[in-house]
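A.B. asks: Using the UniProt record's numbering, the first residue of the sequence shown is number 1, and each one after it goes up by one.
Let me begin by handing over the structure; questions about it come next.
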Amino acid sequence: MPSRQGLSPAFATNTRDQPPAATPGESCRPGTVDPYPVWAPPGLQPHRSPQASYPSERAGTVPPPAGSFESERSFTGAPSAPAPASVRSDVGAPPGFPQDQQQQQQRKSYAPKPILKMYLALNEYGRLTPRIMTSVMANFIPLVVQRISRHTDCLTFGMYHKFYRILPTMKATLEAIQEVPSLQRFAQQLRVVVESGPEVPEMCGMGQWMVNFLKALSQEPFDTEIKILLALAEPWSLVVREDIVTYRDMLDCGEVNITHTGVKCDMCGETPIMGPKFKCRSCDFNLCGECFPEKNSIHPQHDFVCVLWPSNDPQPSQPQP
């Protein structure tokens with residue numbers, strides 16, 4: 001069995017090192033000045049009086065106007081049933097989330113920019129497929145975890161805001177982890193959110209849930225990790241294709257070269273390889289993003305490194321697995 005060291009960056013992924021989940025009223029990043037308060041779904045705030053329903057009110061500022069979208073969703077009482085996905089694609093901001101930050105967070109991604117640039121380029125070439133996304137994620141999960149673990153509250157915001165669009169992805173993840181005993185501990189919280197919608201207490205911790213789940217997934221054998229990623233990549237790729245174009249200004253990238261001139265995939269024969277190239281660390285053997293998930297069936301004895309950009313394309317800050 002090949003070592004996992006060559007498949008991802010060398011970042012610690014021990015869940016024992018993860019700080020405990022924040023309790024209501026605490027920052028998700030203890031010891032920092034966190035502008036994003038921990039929030040609760042409508043009708044489930046720890047303090048149910050109007051005076052304590054909003055962090056801004058506790059600071060002495062003016063509460064949201066009566067009848068506004070936020071005020072209707074935040075006072076006590078059973079929340080109304082959310083509209084189906086066919087009626088609206090996004091839920092909106094969680095109650096209590098600062099209004100001046102909502103639009104910014106809706107356009108923001110905490111994924112590493114080199115990966116987003118690759119996704120954007122692949123999408124423009126019509127080659128952003130679930131298998132290529134799976135191949136990239138299998139190599140960079142620890143790097144992604146390092147980024148998002150500092151922003152679990154904002155990650156929860158994104159999952160709440162895009163709930164109906166990512167629901168198929170969450171359903172696929174729930175179904176896939178049922179078959180992996182070591183990952184079944186993540187099923188209970190996810191099942192409640194999937195079956196009951198975003199207006200449940202369990203939704204408050206989904207950002208931290210995602211961090212812990214990805215950490216555990218990165219420790220699984222390669223074939224298990226790939227199986228889970230392939231299951232969720234099919235619906236997730238649809239969301240990425242919709243969102244990636246909104247990140248163009250943030251990425252500040254012009255023409256991007258994704259062609260590895262003169263490099264052939266030693267499994268399917270594609271030449272040149274377009275998109276990420278997966279190069280054996282020990283010998284002259286290359287795989288394309290479509291074939292990398294099958295690496296254990298053709299070249300299991302060695303580890304691979306993911307090369308996002310051709311050597312003649314000076315892309316800055318390429319993450320190194």
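Just so you know, even glycine gets a beta-carbon here, dropped at the ideal spot from N, CA and C.
#1: Tell me, please, whether the segment 284–294 touches the segment 149–162 by the rule of three or more beta-carbon pairs shorter than 8 Å.
#2: How about M137 and V145: do their beta carbons lie closer than 9 Å?
#3: Decide if S297 is buried, meaning its Cβ has at least 16 other Cβ atoms within 10 Å, or exposed.
#4: Taking just the CA atoms, how far does L230 sit from Q178?
#5: Note down, one range per segment and in chain order, each beta strand (DSSP E) of at least 3 residues found wholly within the UniProt domain "ZZ-type" (259–301).
#6: Label R241 either buried or exposed according to how many other C-beta atoms from any shown protein chain fall within 10 Å of its C-beta, with 16 as the threshold for buried.
#7: As a quick exercise: from G289, D266 and I244, pick the residue whose alpha carbon is nearest that of I258.
#8: Compare the beta carbon distance of A187 and L232 with 9 Å and say whether it is the shorter of the two.
#9: Are the Cβ atoms of K295 and F222 separated by less than 9 Å?
#10: For residue 332 and M170, I'd like the C-alpha separation in whole angstroms.
#11: What separation, rounded to the nearest whole angstrom, lies between the Cα atoms of V263 and L128?
#12: Exposed or buried, what is Q208 when buried is set at 16 or more other beta-carbons lying within 10 Å of its beta-carbon?
#13: Rounded to whole angstroms, what's the CA-CA distance from F304 to E199? Just pull it up for me.
#14: Please specify which runs of the beta strand (DSSP E), each continuous and at least 3 residues long, are wholly inside the segment 180–258, giving them in chain order.
#15: Who pairs with C306 in a beta bridge, going by DSSP?
#16: Looking only at its own chain, which residues have a Cβ that is under 6 Å from the Cβ of A172, when we skip the five neighbours before and after it?
#17: Hey, A121 and V256 are a contact pair by Cβ (cut 8 Å); roughly how many whole angstroms apart?
#18: Could you spell out the range, first to last residue, of the alpha helix (DSSP H) harbouring L122?
#19: Quick one, which of C291, A111 and T246 has its alpha-carbon nearest C265's?
#20: Looking at chain B, is there any beta carbon in it that lies within less than 9 Å of the beta carbon of K264?
#21: Quick one: is P300 buried, meaning 16 or more other Cβ sit within 10 Å of its Cβ, or exposed?
#22: For V180 and T224, which I take to be in contact (beta-carbon distance under 8 Å), what is that distance rounded to the nearest angstrom?
#23: Determine the extent of the alpha helix (DSSP H) in which H161 is found, giving its start and end residues.
#24: By Cβ distance below 8 Å, which residues in the same chain neighbour V194 in space, the five residues on each side in sequence not counted?
#25: Where does A10 land, buried or exposed, given buried means 16+ other C-beta within 10 angstroms?
#26: Can you tell which of K215, Y125, K162 and Y164 has its C-alpha closest to the C-alpha of R147?
#27: Going straight from the alpha carbon of W309 to that of H260, what length do you get?
#28: Would K117 and V239 be called neighbours here (beta carbons separated by less than 9 Å)?
#29: Let's see if you can read the secondary structure: which residues bound the alpha helix (DSSP H) around L128?
#30: What would DSSP say about Q146, mapped onto helix, strand or coil?
#31: According to DSSP, is S135 part of a helix, a strand, or is it coil?
#32: Does the Cβ of Y125 have 16 or more other Cβ atoms within 10 Å, making it buried, or fewer, making it exposed?
#33: In chain order, what residues of the same chain lie with their CB nearer than 7 Å to the CB of I226, ignoring the 5 residues before and after it?
#34: Quick check: I132 and G275, are their CB atoms within less than 9 Å of each other?
C.D. replies: Put simply:
#1: No: fewer than three Cβ pairs fall under 8 Å.
#2: The residue given as residue 137 occupies position 137 in the sequence shown. The residue given as residue 145 occupies position 145 in the sequence shown. Not in contact: M137 and V145 (Cβ atoms no closer than 9 Å).
#3: As a working note, residue 297 is residue 297 in the sequence shown. That one is exposed.
#4: The residue given as residue 178 occupies position 178 in the sequence shown. The residue given as residue 230 occupies position 230 in the sequence shown. The straight-line gap from Cα to Cα measures roughly 15 Å.
#5: 277–280 and 286–288
#6: Residue 241 sits at position 241 when you count from the first residue of the sequence shown. R241 should be labelled exposed.
#7: Within the sequence shown, the letter at position 258 stands for residue 258. The residue with the shortest Cα to Cα distance from I258 is G289.
#8: Your numbering for residue 187 matches position 187 in the sequence shown. Your numbering for residue 232 matches position 232 in the sequence shown. It is not a contact, given that the beta carbons lie outside the stated cut-off.
#9: If you number the sequence shown from 1, residue 295 lands on position 295. If you number the sequence shown from 1, residue 222 lands on position 222. Taking 9 Å as the Cβ cut-off, K295 and F222 qualify as a contacting pair.
#10: The requested residue 332 is not part of the displayed model; the chain covers only 1 to 321.
#11: By one-based count along the sequence shown, residue 263 stands at place 263. By one-based count along the sequence shown, residue 128 stands at place 128. Approximately 20 Å, taken between the alpha carbons.
#12: Stepping through the sequence shown from its first residue, residue 208 is reached at position 208. It counts as buried.
#13: Counted from its first residue, the sequence shown places residue 304 at position 304. Counted from its first residue, the sequence shown places residue 199 at position 199. Rounded to the nearest angstrom, the two C-alpha atoms are 43 Å apart.
#14: The beta strand (DSSP E) runs of length 3 or more contained entirely in the segment 180–258 do not exist; there are none.
#15: What you label residue 306 is simply residue 306 of the sequence shown in a count that begins at 1. As computed with DSSP, C306 is found in a beta bridge with F278.
#16: The residue labelled residue 172 in the question sits at position 172 within the sequence shown. These residues qualify, in order along the chain: A231, L232 and P235.
#17: Taking the sequence shown and counting its residues from 1, the one referred to as residue 121 is at position 121. Taking the sequence shown and counting its residues from 1, the one referred to as residue 256 is at position 256. That pair is a contact at about 4 Å.
#18: Here residue 122 refers to the residue found at position 122 of the sequence shown. Where L122 is concerned, the enclosing alpha helix (DSSP H) stretches over K113 to E124.
#19: Position 265 of the sequence shown, counted from the start, is the residue given in the question as residue 265. Nearest C-alpha to C265: C291.
#20: Among the protein chains of the structure shown there is no chain B, as only one such chain exists.
#21: Numbered from 1 along the sequence shown, position 300 holds the residue referred to as residue 300. By the neighbour-count rule (16 or more Cβ atoms within 10 Å), P300 is not buried but exposed.
#22: In the sequence shown, residue 180 corresponds to position 180, counting from 1. In the sequence shown, residue 224 corresponds to position 224, counting from 1. The Cβ separation is near 6 Å, so the contact holds.
#23: In the sequence shown, residue 161 corresponds to position 161, counting from 1. It spans T152 to H161 - the alpha helix (DSSP H) in which H161 sits, taken as one unbroken run.
#24: Translated into positions along the sequence shown, residue 194 becomes position 194. For V194, where only same-chain residues beyond five positions count, the Cβ hits under 8 Å are L167, M170, K171 and L174.
#25: Counted from its first residue, the sequence shown places residue 10 at position 10. Annotation note: pLDDT 33 at A10 (below 50); position unreliable, coordinate value reported separately. With a 10 Å radius around the Cβ and a threshold of 16 neighbouring Cβ atoms, A10 comes out exposed.
#26: Position 147 of the sequence shown, counted from the first residue, corresponds to residue 147. With distances taken between Cα atoms, R147 lies closest to K215.
#27: Here the question's residue 309 lines up with position 309 in the sequence shown. Here the question's residue 260 lines up with position 260 in the sequence shown. W309 and H260: Cα-Cα distance of roughly 8 Å.
#28: Here residue 117 corresponds to residue number 117 of the sequence shown, with the count starting at 1. Here residue 239 corresponds to residue number 239 of the sequence shown, with the count starting at 1. Note that the C-beta distance between K117 and V239 is not below 9 Å.
#29: The sequence position of residue 128 within the sequence shown is 128, counting from 1. The continuous stretches of alpha helix (DSSP H) do not include L128, and DSSP gives it neither H nor E.
#30: Here residue 146 is taken as the residue at index 146 of the sequence shown, counted from 1. Q146: helix per DSSP, three-state reduction.
#31: For the purposes of this step, residue 135 is taken as the residue at position 135 of the sequence shown. Residue state, collapsed to three classes: helix.
#32: Here residue 125 corresponds to residue number 125 of the sequence shown, with the count starting at 1. Y125 should be labelled exposed.
#33: The sequence position of residue 226 within the sequence shown is 226, counting from 1. Contacts found: T134, A138 and P293.
#34: In the sequence shown, residue 132 corresponds to position 132, counting from 1. In the sequence shown, residue 275 corresponds to position 275, counting from 1. The answer is yes: Cβ separation under 9 Å.
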